[in-house]
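K.L.:
Pasting in a structure now, in structure tokens, and then I'll have a few things to ask.
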């Protein structure tokens with residue numbers, strides 16, 4: 003709920019400024035204030051599509067993008083600054099697998115070595131070229147995954163890049179589910195340990211971890227889950 007309170011406080015602060023300031027341009031603050039109210043609702047109900055309206059092929063809704071542009075511009079600028087100065091690898095490979103975790107690949111790396119890219123960031127446009135299989139599964143930062151079942155087939159020999167904004171919480175959640183569903187690890191704890199070995203900062207929030215455990219508790223055995231994923235990919 004911290005994100006909900008954060009955005010509501012921002013909206014309230016901007017509303018107060020509109021009421022108190024005498025500057026003729028003060029009403030422009032209603033735009034970011036409205037955006038913050040929408041984002042607070044998106045986090046309260048865990049509705050990723052209210053940020054960019056991002057579809058599975060990476061296309062975005064210009065309505066939602068324009069509405070939330072004040073916050074999105076700040077988010078994109080912050081990402082660029084962090085990406086430029088970060089010492090964390092852009093992409094990290096999990097030992098003994100073809101699974102790679104990374105941040106939004108706007109500034110690299112070379113994507114030609116990957117067969118599949120899974121994009122988990124609800125707040126970031128695609129904005130990069132990838133000639134092979136791509137699927138967006140938009141999810142909110144810090145929140146349990148709403149979308150975690152890709153339509154594209156990710157087999158043992160598939161070289162896959164999973165990314166969100168920084169390659170941390172959402173990416174760790176998705177990869178933990180993938181590792182357990184494919185039978186690479188038998189428990190969530192083993193999956194988390196493997197992820198941390200490959201990318202130490204890829205850590206789930208408590209709510210994300212609880213959601214991963216809950217989803218795996220109702221999953222069929224690994225072989226059955228794999229057959230269901232393959233069936234879904236063919237459909």
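Numbering (the working numbering), first residue to last: 3 to 237.
Here a beta-carbon is modelled for each residue, glycine too, at the ideal position from N, C-alpha and C.
Quantities reported herein were computed from a predicted structural model and do not represent experimental measurements.
May I ask you to verify whether the region 146-158 touches the region 61-81, counting CB pairs closer than 8 Å and requiring at least 3?
P.N.:
No: fewer than three Cβ pairs fall under 8 Å.
K.L.:
Just to confirm, are residue 117 and residue 102 a CB contact at a threshold of 8 Å?
P.N.:
No, Cβ-Cβ distance for residue 117 and residue 102 is not below 8 Å.
K.L.:
Identify every residue that forms a DSSP beta bridge with residue 208.
P.N.:
In DSSP, residue 208 forms no bridge with anything.
K.L.:
Residue 219 to residue 20, Cα distance in whole Å?
P.N.:
Computed Cα separation, rounded: 49 Å.
K.L.:
How is residue 22 classed by DSSP in three states: helix, strand or coil?
P.N.:
Residue 22 falls in the helix class under three-state DSSP.
K.L.:
Please confirm whether residue 56 and residue 138 have their CB atoms less than 8 Å apart.
P.N.:
Their beta carbons are under 8 Å apart, which means residue 56 touches residue 138 by this criterion.
K.L.:
What is the rounded straight-line gap between the Cα of residue 27 and the Cα of residue 109?
P.N.:
Using only the alpha carbons, I get a separation of about 36 Å.
K.L.:
Can we say the region 124-132 touches the region 201-221, given the rule of at least three CB pairs closer than 8 Å?
P.N.:
Touching, no.
K.L.:
When you compare the CB positions of residue 52 and residue 73, do they come within less than 8 Å of one another, or not?
P.N.:
Result no, Cβ atoms of residue 52 and residue 73 do not sit closer than 8 Å.
K.L.:
Taking CB distances under 8 Å as the criterion, tell me whether residue 171 reaches chain B.
P.N.:
Given the protein chain composition of this structure (a single chain), no chain B is represented.
K.L.:
How about residue 140 and residue 50: do their beta carbons lie closer than 8 Å?
P.N.:
Going by C-beta atoms, residue 140 is nearer than 8 Å to residue 50.
K.L.:
Kindly indicate the opening and closing residues of the beta strand (DSSP E) around residue 121.
P.N.:
Element bounds for residue 121: 118-123.
K.L.:
If distances are taken between C-alpha atoms only, which option among 198, 157, 185, 186 comes closest to residue 174?
P.N.:
Comparing Cα positions, the closest option is 198.
K.L.:
Beta-carbon within less than 8 Å of residue 234's beta-carbon, same chain only, minus the 5 sequence neighbours each way: which residues are those?
P.N.:
Its pLDDT being 43, under 50, residue 234 is placed unreliably in this model, and the coordinates cannot settle the point.
K.L.:
Drop a sphere of 10 angstroms on the beta-carbon of residue 75, count the other beta-carbons inside from all chains shown, and report buried for 16 or more, exposed for fewer.
P.N.:
So residue 75 ends up on the exposed side.
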